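Visitor: The structure is given below, and queries will be raised subsequently.
Protein chains: 2
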Amino acid sequence: MPLNRDLPLNAQEESAWRALARAIIVVPKVLGRALEAEHNLTMAEYFVLMNLSEEPEGALRMTELASRGSLSVSGMTRVVDRLVRTGLVERVRCPSDARGYLAVLTPIGASRLAEAYPTHLRTVRENVIDHLAGMDLPALAERIGRFAEQEPGPNLAGPRAGPGAPVAG
Amino acid sequence: MPLNRDLPLNAQEESAWRALARAIIVVPKVLGRALEAEHNLTMAEYFVLMNLSEEPEGALRMTELASRGSLSVSGMTRVVDRLVRTGLVERVRCPSDARGYLAVLTPIGASRLAEAYPTHLRTVRENVIDHLAGMDLPALAERIGRFAEQEPGPNLAGPRAGPGAPVAG
DNA sequence: TCTCGCTAGTTGCTTGTACAACGAACTATA
DNA sequence: TATAGTTCGTTGTACAAGCAACTAGCGAGA
Numbered sequence: 006m007p008l009n010r011d012l013p014l015n016a017q018e019e020s021a022w023r024a025l026a027r028a029i030i031v032v033p034k035v036l037g038r039a040l041e042a043e044h045n046l047t048m049a050e051y052f053v054l055m056n057l058s059e060e061p062e063g064a065l066r067m068t069e070l071a072s073r074g075s076l077s078v079s080g081m082t083r084v085v086d087r088l089v090r091t092g093l094v095e096r097v098r099c100p101s102d103a104r105g106y107l108a109v110l111t112p113i114g115a116s117r118l119a120e121a122y123p124t125h126l127r128t129v130r131e132n133v134i135d136h137l138a139g140m141d142l143p144a145l146a147e148r149i150g151r152f153a154e155q156e157p158g159p160n161l162a163g164p165r166a167g168p169g170a171p172v173a174g
Numbered sequence: 006m007p008l009n010r011d012l013p014l015n016a017q018e019e020s021a022w023r024a025l026a027r028a029i030i031v032v033p034k035v036l037g038r039a040l041e042a043e044h045n046l047t048m049a050e051y052f053v054l055m056n057l058s059e060e061p062e063g064a065l066r067m068t069e070l071a072s073r074g075s076l077s078v079s080g081m082t083r084v085v086d087r088l089v090r091t092g093l094v095e096r097v098r099c100p101s102d103a104r105g106y107l108a109v110l111t112p113i114g115a116s117r118l119a120e121a122y123p124t125h126l127r128t129v130r131e132n133v134i135d136h137l138a139g140m141d142l143p144a145l146a147e148r149i150g151r152f153a154e155q156e157p158g159p160n161l162a163g164p165r166a167g168p169g170a171p172v173a174g
């Protein structure tokens, strides 16, 4: 399967790589800016709220959040700190394991997420998905999904069905 | 052209977006780790060396470097600081405009780049390009190139023909 | 039951980047 | 020329994220 492993990229490969490299840098900046400007939420914060909202109890362990977000555990501690400080999330000792904590979505957090969702959906459409119209999306997803496979990578993260979904608790 | 602007993503769009979002997070980590582990260079540093190496004089103005790298000018100041400290680059007052500085590739910088190039090429192939074999690369590049168009974005950044290319000076 | 190793999560420190403010130098105009 | 306004690049500061060190709590085996 590997053919020209050590050759420089040819012109087509080069232009594809350049386009992708640009997207990798620019897309998160644009999406993040929109979320921060309109809802004062970072992408990481949005991601946490979204993941919590999709859980039946609106709650997840820190480690689980960190691995889904492909963020270090300490990084996730700080993200949740900010969300707790602003009242969007609560920290609750895990009943089944006193070492652990659950991050629990509050009603305020749920409504902030519901407000932010349309923004995020719109910017994802405008900046990414609309430009793929007419392409073979399943094939594309399959290929891109194999990038850097060694890295576990997040369950990340997109507008899904349910940021407005019911929040238990 | 825009059709369902405000509808949630359908299943195909969703999976494409998820794959891409994962790639956006994971690909730079993997490429950066390889470069740092094997050559003690960050992606930003590699990018600067590469861009300088492609200039006939091996030199570029700070502003130009910053805009190509889609980094703030102050961020670029710091990156070049590091490269100057380690001797890979020199700062030279711009002869035609005494406000400005040129970052100039040193022979040491050129050889460090030449050493690092194969690593970068290999990781880009293994983690990205090889997975696109058989796809319509020009079409893909064209689509991806339109992502987040508002953002100028870099001339970034890939293995090109010439990191081993001659360095004037 | 006590001990030892392991896991969960937080905290201290370091690093990378952005933004704002600044000094220096350029340019256009009178 | 003198001056006003702009641009180049650096510095101060703030903040997000990672790693290493640490505390608290788990659970298996003597």
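Protein chains in written order, with my numbering: chain A, 6 to 174; chain B, 6 to 174.
Think of the CB as a built atom: it goes at the ideal place given N, C-alpha and C, for glycine as much as any other residue.
It should be emphasised that the depicted structure is a prediction, and the values quoted were computed from it without experimental measurement.
#1: Is L118/B close to chain A? Criterion is C-beta to C-beta, closer than 9 Å.
#2: Report the neighbours of A121/B on chain A: residues whose CB is nearer than 9 Å to its CB, in chain order.
#3: Determine whether the beta carbon atoms of V53/A and G37/A lie at a separation below 9 Å.
#4: By the DSSP assignment, the beta strand (DSSP E) with E95/B in it spans what residues?
#5: Name, please, each residue of chain A whose Cβ falls closer than 9 Å to the Cβ of A257/B.
#6: Along the alpha helix (DSSP H) that carries A108/A, what are the first and last residues, could you check?
#7: Let's test the definition: count the other Cβ atoms within 10 Å of the Cβ of P168/B and tell me whether it reaches 16, buried, or not, exposed.
#8: Would you say E69/A faces chain B, with C-beta separation under 9 Å as the test?
#9: Taking the runs of the alpha helix (DSSP H) that are 4 residues or longer, which of them lie wholly in the segment 45 to 78 of chain B?
#10: Along the chain, where does the alpha helix (DSSP H) that runs through E147/B open and close?
#11: For V53/A, which residues in chain B fall below 7 Å Cβ to Cβ?
#12: Using a Cβ-Cβ distance under 9 Å, would L25/A count as near chain B?
#13: Would you call the segment 121 to 137 of chain A and the segment 8 to 27 of chain B touching, i.e. three or more CB-CB distances under 8 Å?
#14: Would you say T91/A touches the ligand GTP, meaning its beta carbon is less than 8 Å from a heavy atom?
#15: Determine, using beta carbons only, whether V35/B comes closer than 9 Å to chain A.
#16: If we ignore side chains and look at the alpha-carbon of each, how far apart do A16/B and R83/A end up?
#17: Can you confirm whether R66/A, when its beta carbon is compared against all beta carbons of chain B, has any partner nearer than 9 Å?
#18: Going along chain B, which residues have a C-beta under 7 Å from E18/A?
#19: Going by alpha carbons, who is nearest to A39/A out of A119/A, L110/A, H125/A?
#20: Give the straight-line distance between the Cα atoms of P164/B and E154/B, rounded to the nearest whole angstrom.
#21: What is the C-beta distance between V97/A and L110/A, in whole angstroms, given that I count them as a contact (C-beta under 8 Å)?
#22: Do we get a CB-CB distance below 9 Å when we pair S79/B with the residues of chain A?
#23: So for T82/B, helix, strand or coil by DSSP?
#24: How should N56/B be labelled, buried or exposed, when 16 other C-beta atoms within 10 angstroms of its C-beta is the threshold for buried?
#25: How would you call G174/B, buried or exposed, if buried means at least 16 neighbouring beta carbons within 10 angstroms?
#26: Could you give the C-beta distance for L118/B and L65/B, rounded to a whole number, given that I count them as a contact under 8 Å?
#27: Chain A beta carbons: is any one of them nearer than 9 Å to that of R130/B?
#28: Flag P164/A as yes if its beta-carbon sits less than 9 Å from any beta-carbon of chain B, otherwise no.
#29: For A121/A, is the classification buried or exposed, using 16 other Cβ atoms within 10 angstroms of its Cβ as the cut-off for buried?
Guide: Walking through what the data contain:
#1: Taking the second sequence and counting its residues from 1, the one referred to as residue 118/B is at position 113. Answer no: the Cβ-Cβ gap between L118/B and chain A never drops below 9 Å.
#2: Against the second sequence, residue 121/B aligns to sequence position 116. Annotation: A121/B has no Cβ neighbours in chain A at a cutoff of 9 Å; minimum Cβ distance is about 14 Å.
#3: As a position in the first sequence, residue 53/A is number 48, starting the count at 1. As a position in the first sequence, residue 37/A is number 32, starting the count at 1. Cβ distance not < 9 Å, so V53/A and G37/A don't count as in contact.
#4: As a first step, residue 95/B must be located in the second sequence, where it is residue number 90. Judged by DSSP secondary structure, E95/B falls within the beta strand (DSSP E) whose first and last residues are 94 to 98.
#5: No information on residue 257/B is available, as it lies outside the stretch 6 to 174 that chain B covers here.
#6: The residue you call residue 108/A lines up with position 103 of the first sequence. A108/A -> not in any alpha helix (DSSP H); beta strand (DSSP E) instead, spanning 106 to 110.
#7: Counting from 1 along the second sequence, the entry for residue 168/B is found at position 163. Low confidence applies here, because P168/B scores a pLDDT of 35, under 50, leaving its location unreliable; read the following figure in that light. Buried, because 16 or more other Cβ atoms sit within 10 Å of the Cβ of P168/B.
#8: To locate residue 69/A, count along the first sequence from 1; it is residue 64. No, its Cβ sits nowhere closer than 9 Å to a Cβ of chain B.
#9: Counting only runs of 4 or more residues that sit fully inside the segment 45 to 78 of chain B, the alpha helix (DSSP H) segments are 48 to 58, 67 to 74, in chain order.
#10: As a position in the second sequence, residue 147/B is number 142, starting the count at 1. Taken as a continuous stretch (DSSP letters only), the alpha helix (DSSP H) holding E147/B covers 142 to 149.
#11: As a first step, residue 53/A is located in the first sequence; it is residue number 48 there, counting from the start. Chain B residues near V53/A: none, gap ~15 Å exceeds 7 Å.
#12: In the first sequence, the residue the question calls residue 25/A occupies position 20. It does: the Cβ of L25/A has a partner Cβ on chain B nearer than 9 Å.
#13: Taking a cut-off of 8 Å on C-beta distances, the segment 121 to 137 of chain A touches the segment 8 to 27 of chain B, as three or more cross pairs fall below it.
#14: Questions concerning the ligand GTP fall outside what the structure shown contains, since it holds no ligand whatsoever.
#15: Translated into the one-based positions of the second sequence, residue 35/B becomes position 30. A Cβ of chain A is located within less than 9 Å of the beta carbon of V35/B.
#16: What you label residue 16/B is simply residue 11 of the second sequence in a count that begins at 1. What you label residue 83/A is simply residue 78 of the first sequence in a count that begins at 1. Cα to Cα, the separation comes out at about 33 Å.
#17: Locating residue 66/A in the first sequence gives position 61, counting from the first residue. False, the Cβ-Cβ gap to chain B never drops below 9 Å.
#18: Your numbering for residue 18/A matches position 13 in the first sequence. Those within 7 Å of E18/A in chain B are I134, L142.
#19: Position 34 of the first sequence, counted from the start, is the residue given in the question as residue 39/A. Nearest option by C-alpha distance: H125/A.
#20: Taking the second sequence and counting its residues from 1, the one referred to as residue 164/B is at position 159. Taking the second sequence and counting its residues from 1, the one referred to as residue 154/B is at position 149. Only weak support is given to the placement of P164/B: the predicted model assigns it a pLDDT of 37, under 50, and the value that follows is read from those uncertain coordinates. Note on geometry: alpha-carbon atoms of P164/B and E154/B lie some 23 Å from one another.
#21: Along the first sequence, one-based indexing puts residue 97/A at 92. Along the first sequence, one-based indexing puts residue 110/A at 105. Actually they are not in contact, since the Cβ atoms of V97/A and L110/A sit about 11 Å apart, beyond 8 Å.
#22: On the second sequence, position 74 is the one that residue 79/B refers to. False, the Cβ-Cβ gap to chain A never drops below 9 Å.
#23: Within the second sequence, the letter at position 77 stands for residue 82/B. For T82/B, the secondary structure class from DSSP, reduced to helix, strand or coil, is helix.
#24: Translated into the one-based positions of the second sequence, residue 56/B becomes position 51. Buried, by the Cβ-count rule.
#25: Position 169 of the second sequence, counting from 1, holds the residue named residue 174/B. In this prediction, G174/B scores a pLDDT of 25, lower than 50, which makes its location untrustworthy; no coordinate-derived value is stated.
#26: Indexing the second sequence from 1 puts residue 118/B at position 113. Indexing the second sequence from 1 puts residue 65/B at position 60. With 8 Å as the limit, L118/B and L65/B do not qualify as a contact, their Cβ atoms being about 14 Å apart.
#27: Sequence index remark: in the second sequence, residue 130/B carries index 125 (1-based). Yes, contact with chain A.
#28: In the first sequence, residue 164/A corresponds to position 159, counting from 1. Confidence at P164/A is low in this model, with a pLDDT of 40, below 50, so its placement is unreliable and the value that follows should be read with caution. Closer than 9 Å: yes.
#29: Position 116 of the first sequence holds residue 121/A. With 16 or more other CB atoms across the displayed protein chains lying within 10 angstroms of its CB, A121/A is buried.
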